[in-house]
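Going by the working numbering, the sequence shown opens with residue 40, and the numbers climb by one from there. Every residue, glycine too, gets a C-beta built ideally from N, C-alpha and C. Quantities reported herein were computed from a predicted structural model and do not represent experimental measurements. Beneath this line is the structure, given in structure tokens, with notes to follow.
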Amino acid sequence: DVTKHSGKKVKAHVFDENHGKLLWDEADHLAQHGYATSTGEQVIFILDIKERKLISTFNYTNYVLPNTCRGTHAIAYSDVNKHLYVECSGGGGSLEISVMDPINPTFVKQWTDASGAFYEVPDGSYIVATNKGGNKLH
Numbered sequence: 040d041v042t043k044h045s046g047k048k049v050k051a052h053v054f055d056e057n058h059g060k061l062l063w064d065e066a067d068h069l070a071q072h073g074y075a076t077s078t079g080e081q082v083i084f085i086l087d088i089k090e091r092k093l094i095s096t097f098n099y100t101n102y103v104l105p106n107t108c109r110g111t112h113a114i115a116y117s118d119v120n121k122h123l124y125v126e127c128s129g130g131g132g133s134l135e136i137s138v139m140d141p142i143n144p145t146f147v148k149q150w151t152d153a154s155g156a157f158y159e160v161p162d163g164s165y166i167v168a169t170n171k172g173g174n175k176l177h
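As structure tokens, this is what we get:
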């Protein structure tokens with residue numbers, strides 16, 4: 040119910056001050072799990088939405104090209120393949136991460152040519168990325 044505020048404080052697990060996005064999807068697969076990005080940290084935060092707690096972080100630095108993806112920003116979830124699509128900040132395109140196991144993500148691919156905000160089409164069949172510099176839709 041978004042008309043009522045719970046009034047409960049939530050601890051911010053911020054290592055460096057930046058900004059990012061919060062993702063939670065009503066799909067049964069994710070249950071009470073959510074994910075958060077940070078434009079200045081090279082991790083995806085894994086959250087327990089119901090308990091309002093940080094479960095862990097997924098550090099993707101060992102999987103990306105050197106000197107790319109210094110943080111993350113936009114994020115979307117596909118219930119079709121159970122993957123997250125995450126925009127890199129500071130260059131590097133975007134990341135595809137499997138959340139088949141919601142609390143133990145696995146790296147799938149870095150898409151160096153696809154960047155920008157992510158959107159799910161209304162029927163959930165596709166995730167699209169808006170290209171910031173190329174007037175494209177991926």
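Can you name the start and end residues of the beta strand (DSSP E) that residue i belongs to?
{"i": "E159", "result": "157-159"}
{"i": "S117", "result": "110-117"}
{"i": "L86", "result": "82-87"}
{"i": "S95", "result": "92-98"}
Quick check on residue i: does DSSP put it in helix, strand or coil?
{"i": "T42", "result": "coil"}
{"i": "Y124", "result": "strand"}
{"i": "L104", "result": "coil"}
{"i": "E30", "result": "Nothing about residue 30 can be reported from this structure: the residues present for the chain run from 40 to 177 only."}
{"i": "L69", "result": "coil"}
By alpha-carbon positions, which one of the options ends up nearest to residue i?
{"i": "E56", "options": "A66, L69, S77", "result": "S77"}
{"i": "D162", "options": "I114, A66, H58", "result": "A66"}
Determine the contact status of residue i and residue j, defining contact as a CB-CB distance below 7 Å.
{"i": "S117", "j": "I166", "result": "yes"}
{"i": "S154", "j": "E126", "result": "yes"}
{"i": "V82", "j": "N101", "result": "no"}
{"i": "E135", "j": "G110", "result": "no"}
{"i": "A156", "j": "T145", "result": "no"}
Check the DSSP bridge columns for residue i and list the partner residues they point to.
{"i": "A75", "result": "L61, F84"}
{"i": "K148", "result": "E135"}
{"i": "A168", "result": "F157"}
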